[in-house]
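Read through the structure below, which is laid out as structure tokens, and then see the notes.
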Amino acid sequence: MRLLKEKITNEGIVLNNSILKVDAFLNHQIDPDLMMELGREFHKRFAAQNVTKILTIESSGIAVALTTALFFHVPVVFARKQKPSTMNENSYNTKVFSFTKNVTNNVSVLKKFLPPGEKVLILDDFLANGEAAMGLADLATQAGSTVVGIGIVIEKSFQPGRKRLIDAGFQVESLARIKAFENDQIVFVENEE
Ligand code: 5GP
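All the letters of the sequence shown, read from the start, carry residue numbers 1 to 193 under UniProt numbering.
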């Protein structure tokens with residue numbers, strides 16, 4: 001997606017040749033027009049999958065999950081990293097190690113919002129080692145639902161996440177794929193729109 005790549009190039013900041021900061025349009029301030037275009041693109045890529053529910057993880061996946069859901073006309077569920085005291089009903093739980101924060105979160109979703117038999121599209125802002133996406137897939141599997149695809153806004157292709165998800169049998173669609181950070185400059189995977 002050319003629009004997204006331009007945004008990343010113009011507004012992204014590379015930290016320590018490993019983390020991309022995109023708080024100008026995705027992770028802190030959010031660009032709503034860009035989110036709509038990302039939603040449109042995810043809808044196009046997963047249109048054949050009969051998606052019935054979108055599953056993401058708080059907080060940075062929520063905006064793009066919502067715009068994608070507007071195209072599919074299905075609900076969004078976001079897994080919680082800290083279980084609020086109001087969330088005392090039955091839940092599915094899994095552990096997700098956070099690449100950027102270096103902590104393991106207990107991630108939960110209420111059973112009533114993830115009933116069996118859903119066709120779940122998993123969405124997230126970044127793909128690094130695949131921990132978040134695999135954790136979300138685990139929640140969907142515990143629920144007796146099927147993961148019909150995994151959509152990622154920004155994939156760091158030099159990290160193992162993509163291979164891990166593909167080896168697990170998932171269709172992975174990433175809207176921007178980064179091959180490397182070279183001297184804090186962003187190099188995209190070639191031959192992609
Ligand atoms: P993974 O679970 O695939 O190892 O890492 C993806 C998760 O870590 C995403 O949910 C995202 O919040 C965070 N993350 C990983 N790499 C980056 C990065 O380069 N920049 C930002 N802003 N977040 C990242």
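Think of the CB as a built atom: it goes at the ideal place given N, C-alpha and C, for glycine as much as any other residue.
Distance between beta carbons of residue j and residue i, contact taken as under 8 Å
| i | j | result |
| --- | --- | --- |
| Lys53 | Val120 | 5 Å |
| Val96 | Gly135 | 4 Å |
| Phe170 | Ile150 | 5 Å |
| Asn17 | Asp184 | 6 Å |
| Ala140 | Leu55 | 6 Å |
| Gly161 | Gly130 | 3 Å |
| Ile8 | Ile152 | Going by Cβ atoms, the distance from Ile8 to Ile152 rounds to 13 Å, so no, they are not a contact pair. |
| Gly39 | Val64 | 6 Å |
| Phe46 | Gly61 | So it is not a contact: roughly 15 Å between Cβ atoms. |
| Ala176 | Lys21 | Rounded, the Cβ-Cβ distance is 14 Å, inconsistent with contact. |
| Thr94 | Asp138 | 4 Å |
Residue burial classification, residue i (beta-carbon count within 10 angstroms, cutoff 16)
| i | result |
| --- | --- |
| Ile122 | buried |
| Arg2 | exposed |
| Ala180 | exposed |
| Ala147 | A small correction: the amino acid at residue 147 is Val; Ala does not occupy that position in the sequence shown. Burial call: buried. |
| Leu15 | exposed |
| Lys163 | exposed |
| Gly144 | exposed |
| Asn105 | buried |
| Ser59 | exposed |
| Glu41 | buried |
| Val51 | buried |
| Thr100 | exposed |
| Ile13 | exposed |
| Val103 | exposed |
| Ala48 | exposed |
| Val187 | exposed |
| Lys156 | buried |
| Ile178 | buried |
| Ile57 | buried |
Say whether the stretch 64-71 touches the stretch 88-95, bearing in mind that this needs 3 or more beta-carbon pairs closer than 8 Å, one atom from each stretch. no
Contiguous alpha helix (DSSP H) assignments of at least 4 residues, all confined to the stretch 98-153: 131-142
Length at least 4, wholly inside the stretch 7-84: the alpha helix (DSSP H) runs in chain order: 32-45 and 62-72
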